[in-house]
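Inspection log for the structure reproduced underneath, given as structure tokens.
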Amino acid sequence: MILLQTQHISKTYTQQPILSDINIHLNQGELVSILGVSGIGKTTLFNIIAGLIAPQTGQVLLKGQSITNQTGKISYMLQKDLLLPYRTIMGNVILPALMQGVAKHEAEEKAAPLFKVFGLEKTERLYPNALSGGMRQRAALLRTYMFSKEVALLDEPFSALDEITKHQVHDWYLNLMKRINLSTLLITHDVDEAILLSDRIYILNGHPATISKEIQIDAQLKQQADFELSPTFLKYKRQILDLL
Amino acid sequence: MKKQTNININVLPFLLIIVLLFVWQGISYFQMVPTYLLPSPISVVQAFIADFGTLMANAGVTLLEAFWGLLIGVISGVLIAIVMDLFTPLYKAVYPLLVISQTVPAVAIAPLLILWFGYGMLPKIVLITITTFFPVAVEMLSGFRSTDPDLIHLMNTMGATKWKLYYYVKFPNSLNHFFASLKISVSYAIVSAVISEWVGGFSGLGVYMTRVMKSYAYDKMFAVIFLISGLSLLLIWLVTFIQHKIMPWETNKK
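Going down the list, the sequences are from chains G and V.
Quick note on this note's numbering: the first sequence kicks off at 10 and runs consecutively.
Quick note on this note's numbering: the second sequence kicks off at 2 and runs consecutively.
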């Protein structure tokens with residue numbers, strides 16, 4: 010089932026075309042990556058999906074309903090965790106609910122059981138500066154999840170983490186997605202990360218940027234031990250690098 | 002070893018003050034400077050004790066003026082900062098005027114205010130408001146404008162209204178700036194109150210100061226100077242204390 014879809018999205022800034030005829034979709038439970046070099050227009054595309062900017066042409070559909078140019082429907086997470094330092098983790102996590110007019114106690118009741126699911130037990134009353142980088146990212150993910158429980162737009166969320174923490178967070182995130190039936194659209198310029206995490210990868214390139222290729226990652230091969238060191242992995246990597 | 006060094010560094014200012022007091026007492030004791038020009042620290046303390054009641058009564062008046070002037074100054078400073086943050090053309094039009102207004106010394110405006118508003122409390126409060134609102138307005142504006150654009154972006158994706166953006170992000174984000182400006186403003190408030198009392202008034206530490214100066218009671222003059230300085234320090238400490246209470250995340254850093 011298609012959860013999120015963009016149809017013929019184009020965007021021009023000061024007569025400079027940035028995006029042209031972008032058609033992508035995200036199925037229920039999938040993790041789909043958008044790969045492209047820096048400055049290609051990945052974030053512009055996410056801003057359009059999140060409703061922050063209007064496209065020149067095309068529309069964004071969530072479960073078949075147009076959410077073009079509407080904020081408050083879908084949220085995303087950036088490389089920076091953007092946790093408010095003056096609010097506790099609970100205070101940060103319930104922020105989307107508060108923005109939507111939900112009462113504080115009600116929002117806290119909804120968020121409380123999710124702390125365990127996200128591996129954030131006993132951090133509710135702590136301030137963000139008391140948490141490690143990985144834990145802060147988890148808290149930011151929980152905040153994103155509190156906002157939209159079906160789709161998460163992640164804009165290079167793991168790029169600030171060190172390699173070891175990044176691997177741990179990758180595994181944790183894939184497990185979490187299965188547990189809570191979350192679908193994810195991920196922006197990354199890390200080819201390895203895209204191959205390891207994704208079910209499908211869209212390659213964005215050109216001026217204006219278009220989707221030049223859609224690559225399906227074999228789910229069964231991904232389950233193999235040391236997939237990252239396998240010839241299949243390298244084949245995917247070579248194919249993607251050639252396209253970029 | 003490091004701790005020992007830190008302790009020594011913290012004690013240094015107090016040691017320096019004690020040394021300076023001893024030197025000052027020595028200068029007076031050996032009459033290197035006539036005592037009517039430079040009374041000894043001991044005679045200043047004696048003058049303070051002898052005139053304690055009068056000093057406190059006058060300090061009460063000065064503090065009351067400072068309180069009202071500061072309150073109005075802070076509120077108007079915050080409001081002006083919000084308006085300038087919301088409307089960029091207004092910011093561009095008003096900001097240079099604000100800066101120019103601050104180049105006029107308080108001593109120059111005080112007589113005019115006395116002329117317009119009389120010898121009561123009003124001209125003092127007006128002068129304090131004028132001198133205290135500027136640091137608050139400028140710092141708050143700087144706080145609002147230094148908010149991480151990505152954070153504003155994120156709040157917008159959540160559908161935050163303009164007021165929710167101020168309430169949840171811009172105001173808390175500006176608290177450090179606010180308290181920094183408040184520390185400046187509290188000392189400005191006391192100094193401005195005293196200056197306006199010099200120019201004209203019935204009571205207050207400035208009025209007391211002009212009276213003891215005219216009677217050549219320099220020991221009392223020094224006593225009131227130290228009292229004014231002490232009051233400013235106390236208020237700055239009070240602001241720091243409130244800041245720590247209101248911003249626990251700053252003190253809870255790992």
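Idealized CB from N, CA, C, for every residue including glycine.
Quick check: is the beta carbon of M108/G nearer than 7 Å to any beta carbon in chain V? Residue numbering aside, residue 108/G sits at position 99 when the first sequence is read from its first letter. True, the Cβ-Cβ gap to chain V drops below 7 Å.
Can you give me, in chain order, the residues of the region 140-160 of chain V that have a beta carbon less than 9 Å from any beta carbon in chain G? D149, D151, L152, H154, L155, M156, N157, T158, M159 and G160
Spatial distance of F180/V from N138/G (CA atoms): Reading the second sequence from its first residue, position 179 is the one you call residue 180/V. Reading the first sequence from its first residue, position 129 is the one you call residue 138/G. Near 21 Å, if we compare the C-alpha coordinates of N138/G and F180/V.
Nearest to K271/V (by Cα), restricted to the options Q26/V, Y189/V, L183/V and P150/V: Absent from the model: residue 271/V. The displayed extent of chain V is 2 to 255, so no value can be given.
Kindly say whether P136/V, judged by its beta-carbon, lies nearer than 7 Å to any beta-carbon of chain G. The residue you call residue 136/V lines up with position 135 of the second sequence. For P136/V, the answer is no, since every Cβ of chain G falls outside 7 Å of its Cβ.
Through-space distance from S193/V to P106/V, alpha-carbon basis: Here the question's residue 106/V lines up with position 105 in the second sequence. Here the question's residue 193/V lines up with position 192 in the second sequence. Approximately 10 Å, taken between the alpha carbons.
Short-range partners of chain G found in the region 169-201 of chain V, where Cβ spacing is below 9 Å: Y169, V170, P173, N174 and L176
Under three-state DSSP, which class holds T59/G? Position 50 of the first sequence, counting from 1, holds the residue named residue 59/G. It is Ala, not Thr, that sits at residue 59/G in the sequence shown. A59/G falls in the coil class under three-state DSSP.
Does the Cβ of F134/V have 16 or more other Cβ atoms within 10 Å, making it buried, or fewer, making it exposed? The count along the second sequence starts at 1 and reaches residue 134/V at position 133. Answer is buried; the Cβ neighbour count reaches 16.
Confirm, please, whether the CB-CB distance from V195/V to P112/V is below 7 Å. Counting from one through the second sequence, the residue named residue 112/V turns up at place 111. Counting from one through the second sequence, the residue named residue 195/V turns up at place 194. Not in contact: P112/V and V195/V (Cβ atoms no closer than 7 Å).
Quick one: measure Cβ to Cβ for L40/G and S207/G, integer angstroms, because I've assumed they're closer than 8 Å. Within the first sequence, numbered from 1, the residue matching residue 40/G stands at position 31. Within the first sequence, numbered from 1, the residue matching residue 207/G stands at position 198. Sure, about 5 Å apart at Cβ, within 8 Å.
Which listed residue (T197/G, L170/G, Y154/G and A203/G) has its alpha carbon closest to that of R188/G: Walking along the first sequence from the start, residue 188/G turns up at place 179. Selected option, being the one with the closest Cα: Y154/G.
Count the other CB atoms within 10 Å of the CB of G50/G; is the residue buried (16 or more) or exposed (fewer)? Counting from 1 along the first sequence, the entry for residue 50/G is found at position 41. Burial call: buried.
Is the CB of W164/V under 7 Å away from at least one CB in chain G? The sequence position of residue 164/V within the second sequence is 163, counting from 1. No, because no Cβ of chain G sits closer than 7 Å to the Cβ of W164/V.
When the distance is taken between beta carbons, is T21/G closer than 7 Å to V69/G? Position 60 of the first sequence holds residue 69/G. Position 12 of the first sequence holds residue 21/G. In this structure, T21/G does not lie closer than 7 Å to V69/G by Cβ.
Name the DSSP beta bridge partners of Q225/G, please? In the first sequence, residue 225/G corresponds to position 216, counting from 1. Paired residues: R209/G.
Distance between beta carbons of I212/G and N252/G, contact taken as under 8 Å: Locating residue 252/G in the first sequence gives position 243, where the first residue counts as 1. Locating residue 212/G in the first sequence gives position 203, where the first residue counts as 1. Per the sequence presented here, residue 252/G reads as Leu, with Asn not at that position. Contact holds; Cβ gap of about 5 Å.
Report yes if the CB atom of M159/V is closer than 7 Å to the CB atom of P105/G, and no otherwise. Here residue 159/V corresponds to residue number 158 of the second sequence, with the count starting at 1. Here residue 105/G corresponds to residue number 96 of the first sequence, with the count starting at 1. Yes, these two residues count as a Cβ contact at 7 Å.
For F167/G, which residues in the same chain have their Cβ closer than 6 Å to its Cβ, ignoring the five residues on either side in sequence? For this step, residue 167/G is matched to residue 158 along the first sequence. Counting only Cβ-Cβ distances below 6 Å, and skipping sequence neighbours, we find K175 and V178.
Helix, strand or coil, according to DSSP, for M248/V in the structure here? As a working mapping, residue 248/V is identified with position 247 in the second sequence. The answer is coil: DSSP assigns M248/V none of H, G, I, E or B.
What do you get for E165/G, buried or exposed, if any count of 16 or more other CB atoms within 10 angstroms of its CB means buried? Taking the first sequence and counting its residues from 1, the one referred to as residue 165/G is at position 156. By the 10 Å Cβ count, E165/G comes out buried.
What are the boundary residues of the alpha helix (DSSP H) that includes L155/V? Numbered from 1 along the second sequence, position 154 holds the residue referred to as residue 155/V. Per DSSP, L155/V belongs to the alpha helix (DSSP H) from P150 to T158.
Would you mind working out which of L170/G, L93/G, I196/G and N184/G sits nearest R152/G, comparing C-alpha positions? As a working mapping, residue 152/G is identified with position 143 in the first sequence. Of the listed residues, the one whose Cα sits closest to R152/G is L93/G.
Within 10 Å of its beta-carbon, does G54/V have 16 or more other beta-carbons around it, so buried, or fewer, so exposed? Taking the first residue of the second sequence as 1, we reach residue 54/V at position 53. With fewer than 16 Cβ atoms within 10 Å of its Cβ, G54/V is classed as exposed.
Checking contacts by CB at 7 Å: is W250/V closer than that to chain G? Here residue 250/V corresponds to residue number 249 of the second sequence, with the count starting at 1. Output row for W250/V: interface = yes.
CB S175/V to CB G144/V, shorter than 7 Å? As a first step, residue 175/V must be located in the second sequence, where it is residue number 174. As a first step, residue 144/V must be located in the second sequence, where it is residue number 143. Contact flag set, yes.
Note down, in chain order, every chain V residue with its Cβ under 7 Å from the Cβ of F156/G. Along the first sequence, read from residue 1 onward, the residue named residue 156/G stands at position 147. The answer, in chain order, is M159.
Just how far apart, CA to CA, sit I129/V and I243/V? By 1-based counting over the second sequence, the position of residue 129/V is 128. By 1-based counting over the second sequence, the position of residue 243/V is 242. For I129/V and I243/V, the distance between alpha carbons rounds to 22 Å.
Minimum Cβ-Cβ distance from P94/G to chain V less than 7 Å: Locating residue 94/G in the first sequence gives position 85, counting from the first residue. Yes, contact with chain V.
Output yes or no for whether 7 Å exceeds the beta carbon distance between S192/G and Q37/G. On the first sequence, residue 192/G is found 183 positions in, with the first residue counted as 1. On the first sequence, residue 37/G is found 28 positions in, with the first residue counted as 1. The answer is yes: Cβ separation under 7 Å.
Option in Q248/G, R247/G, L135/G and L185/G with minimal Cα separation from E159/G: Within the first sequence, the letter at position 150 stands for residue 159/G. With distances taken between Cα atoms, E159/G lies closest to L185/G.
At least one CB of chain G closer than 7 Å to the CB of K255/V: is that the case? Translated into positions along the second sequence, residue 255/V becomes position 254. A caution first: K255/V carries a pLDDT of 45, below 50, which makes its placement in the model too unreliable to give a value.
Could you tell me which of E223/G, V102/G and Q25/G sits nearest to S157/G, measuring between CA atoms? Working through the first sequence from its first residue, we reach residue 157/G at position 148. Among E223/G, V102/G and Q25/G, the Cα nearest to that of S157/G belongs to V102/G.
Taking 7 Å as the CB-CB limit, is Y22/G close to chain V? As a position in the first sequence, residue 22/G is number 13, starting the count at 1. Not closer than 7 Å to any Cβ of chain V, the Cβ of Y22/G fails to qualify, so no.
Any 3 or more C-beta pairs closer than 8 Å across the region 233-247 of chain G and the region 46-61 of chain G: no
Any idea what DSSP makes of S147/V, helix, strand or coil? As a first step, residue 147/V is located in the second sequence; it is residue number 146 there, counting from the start. Looking at S147/V - three-state DSSP - the assignment turns out to be coil, as it is neither helix nor strand.
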